[in-house]
Amino acid sequence: MTQPKKLFIKTYGCQMNVYDSERMAEAMGGQGYVTTDSPDDADMILLNTCHIREKAAEKVYSELGRYKGLKTAKPDLKIGVAGCVAQAEGEEIMRRQPMVDLVVGPQSYHRLPDLTAKAIAGERALDTDFPEEDKFEHLKARPKAARGPTAFLTVQEGCDKFCAFCVVPYTRGAEVSRPANRVMTEARDLVERGVREITLLGQNVNAYHGHDGGLAGLIRELATIDGLERIRFTTSHPNDMDDALIAAHGDCDKLMPYLHLPVQAGSDKILKRMNRSHTAEQYLKLIERLRAARPDLHLSGDFIVGFPEETEADFQDTLALIEAVKYGSAFSFKYSERPGTPAAERPQMDEAEKDDRLQRLQALLTRQQRELQDAMVGREVTVLFEKPGRMPGQMVGKSEYLHAVHVSGASLARGDLAKVRIVSSGPNSLKGELIPGEG
Ligand code: SAH
Ligand code: SF4
Ligand code: F3S
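Numbering follows full-length UniProt numbering, in which position 386 of the sequence shown is assigned residue number 386; successive positions increment by one, without gaps.
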């Protein structure tokens with residue numbers, strides 16, 4: 001029997017890349033590749049890359065540099081670059097890095113097996129098309145192996161919003177939704193393999209239109225699947241948060257009370273220049289409506305500081321918005337100039353000032369996050385257990401609010417859902433005790 005070839009995939013960027021990497025590994029499985037955790041013994045290395053900020057994109061070149069020695073020692077080693085940097089800079093990668101054998105964009109990775117065959121035949125292969133065909137329909141059926149209790153499921157891709165700072169509309173292309181029946185089939189299959197929580201993914205997931213009832217309609221249909229206990233979705237745009245989706249947060253039990261709803265900034269001037277097409281006030285009103293539907297909803301957001309021409313007063317507006325919302329978690333970034341985006345043409349801010357604002361913003365977000373987490377002590381939550389904890393007999397899982405919760409209980413297994421009372425709150429996680437007679 002021939003030895004299986006080994007594939008090492010390194011994933012950068014968002015959850016959509018995590019999902020894509022899984023699908024790429026499965027596609028290569030059909031070509032006789034098994035995945036490995038180490039680049040050292042790989043026959044093929046694939047970097048699934050992110051272009052969102054300069055630092056993310058630079059990592060690709062430094063990582064490739066590290067593989068030079070490996071490639072010299074093992075000339076048959078194939079090196080591929082996939083994802084958003086591949087899409088944005090594919091030809092440049094080929095020029096700058098002669099050791100790269102193949103480049104494949106996020107919309108054409110169903111062609112990875114063919115590209116690999118070309119690379120093995122000694123050709124260098126590049127495919128950054130936005131093909132007409134649906135890549136998901138051209139990928140092999142997913143394997144049937146058992147898997148852990150949580151899974152991502154991409155239902156929507158691309159973005160038509162063109163925020164002035166963002167590369168995603170260029171790297172991922174126009175908004176497309178997968179048909180609801182295909183999503184249902186994939187979800188049922190995941191549940192049969194042991195999945196109890198599905199996170200629906202899309203660059204603008206709430207713009208999903210593959211179901212007559214939009215994303216809310218899809219969520220309600222998914223909720224009918226026996227054995228699927230939890231549904232989440234990310235990432236949403238405030239302008240696509242329609243009434244039906246707000247209502248689903250109120251009455252669909254399987255939809256978890258956690259929502260990632262980025263606003264980026266709190267100043268109307270900056271929001272306008274970012275092309276976000278809503279005001280701070282509209283965002284706050286939306287949050288009010290969501291909380292009216294689901295009072296215990298935990299909110300998460302993304303923020304950019306140091307956008308071109310952001311004044312101290314604009315920045316103070318962002319802090320004020322954060323004070324008003326109270327986020328359970330958040331991601332914050334210094335504005336990074338991206339080639340080809342309108343904001344890169346504007347006068348840029350001083351780097352030290354950006355650093356200072358980021359620190360002040362993060363201090364506020366960390367304090368809020370900690371306060372909300374500490375307020376969980378004494379409360380009852382439901383935990384879906386995912387893996388063993390560091391202490392013997394301990395398991396770690398996620399509450400409905402996405403807090404990591406550590407619980408000791410000899411009988412707990414991966415994939416169990418149990419009622420837990422929170423007893424203490426640490427820097428990044430909670431500790432809980434099983435509620436006797438429940439679970
Ligand atoms: N589609 C999602 C997120 C896309 S990227 C949305 O609209 O919210 C994830 C986050 O990266 C963004 O929310 C934004 O906060 C950040 N981001 C995007 N472009 C950036 C840039 N040029 N500089 C810094 N942060 C950026
Ligand atoms: Fe980027 Fe804006 Fe689209 Fe989000 S909505 S992916 S930030 S352009
Ligand atoms: Fe990065 Fe592309 Fe996701 S740029 S954030 S990997 S969509």
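By construction, the Cβ of each residue, glycine as well, lies at the ideal position given by its N, Cα and C atoms.
- Within its own chain, the residues whose Cβ lies closer than 7 Å to the Cβ of Pro131, once the five positions on either side in sequence are excluded, are Gln107, Ser108, listed in chain order.
- Within the chosen limit of 7 Å, the ligand F3S does not reach the beta carbon of Val18 with any heavy atom.
- Going by DSSP, Phe303 is part of the beta strand (DSSP E) stretching over 298–305.
- A distance below 6 Å between beta-carbons, with the five flanking residues on each side excluded, links Arg111 to the following residues of its chain, in chain order: Asp127.
- Between Arg96 and Arg53, the alpha-carbon positions lie close to 20 Å from each other.
- Using a Cβ-Cβ distance cut-off of 8 Å, the region 160–171 and the region 80–95 are in contact, since at least three pairs of beta carbons, one from each stretch, lie closer than that value.
- Taking the CA atoms as reference points, Phe8 sits about 6 Å from Ala42.
- For Glu288, the enclosing alpha helix (DSSP H) stretches over residues 280–293.
- Straight-line measurement puts the Cα of Asp101 at about 8 Å from the Cα of Gly122.
- One alpha carbon belongs to Pro308, the other to Ser332, and they sit about 16 Å apart.
- CA-to-CA, the gap between Glu133 and Glu229 works out to about 33 Å.
- Judged by DSSP secondary structure, Gln97 falls outside any beta strand (DSSP E); it is assigned neither H nor E.
- In its chain, beyond the 5 residues on either side, Ile270 have a beta carbon closer than 6 Å to the beta carbon of Glu310.
- Listed in chain order, the alpha helix (DSSP H) elements of length 4 or more contained wholly in the region 341–374 are 351–374.
- For Glu386, the enclosing beta strand (DSSP E) starts and ends at 380–388.
- Sequence-distant partners of Leu259 (beyond 5 residues in either direction) whose C-beta falls short of 8 Å from its own C-beta, in its chain, are Ser236, His249, Leu290, Leu297, His298, Leu299, Ser300.
- By a beta-carbon distance limit of 8 Å, Gly378 does not contact Tyr335. Their separation comes to about 40 Å.
- When secondary structure is reduced to three states using DSSP, Phe130 falls in the coil class, being assigned neither helix nor strand.
- Scanning its chain for C-beta atoms nearer than 6 Å, with the 5 sequence neighbours on each side dropped, one finds around Gln368 the residues Lys326, Tyr327, in chain order.
- Look at Gln316 here: in three-state DSSP terms it is helix.
- Here Lys78 carries a strand assignment [DSSP, helix/strand/coil].
- In this structure, DSSP gives Gln264 an extended state, which the three-state scheme calls strand.
- Under the rule that a run must span 3 or more residues, the beta strand (DSSP E) segments found entirely inside the region 113–182 read 125–127, 150–154.
- When DSSP states are grouped into helix, strand and coil, Ala413 belongs to the coil group.
- Under the three-state reduction of DSSP, Leu228 is assigned to coil, being neither helix nor strand.
- Between Met28 and Pro113, the CB-CB gap stays under 8 Å.
- Using a 10 angstroms sphere on the CB of Thr382, the tally of other CB atoms reaches 16 or more, which defines it as buried.
- In summary, Ala413 is exposed, with fewer than 16 beta-carbon neighbours lying within 10 Å of its beta-carbon over all protein chains present.
- Shown here, Gln394 sits in a strand according to DSSP, grouped into three states.
- Per the DSSP secondary-structure output, Ser425 pairs in a beta bridge with Leu430.
- A distance below 8 Å between beta-carbons, with the five flanking residues on each side excluded, links Asp40 to the following residues of its chain, in chain order: Leu70.
- In this chain, Met28 is not harboured by any beta strand (DSSP E); it is covered by the alpha helix (DSSP H) spanning 15–29.
- In this structure, the beta-carbon distance from Leu402 to Val420 does not fall below 8 Å.
- Using a Cβ distance threshold of 8 Å, Leu47 and Lys5 do not count as a contacting pair.
- With a 10 Å radius around the Cβ and a threshold of 16 neighbouring Cβ atoms, Thr234 comes out buried.
- Of the other Cβ atoms in all chains shown, fewer than 16 fall within 10 Å of the Cβ of Lys55; this residue is therefore exposed.
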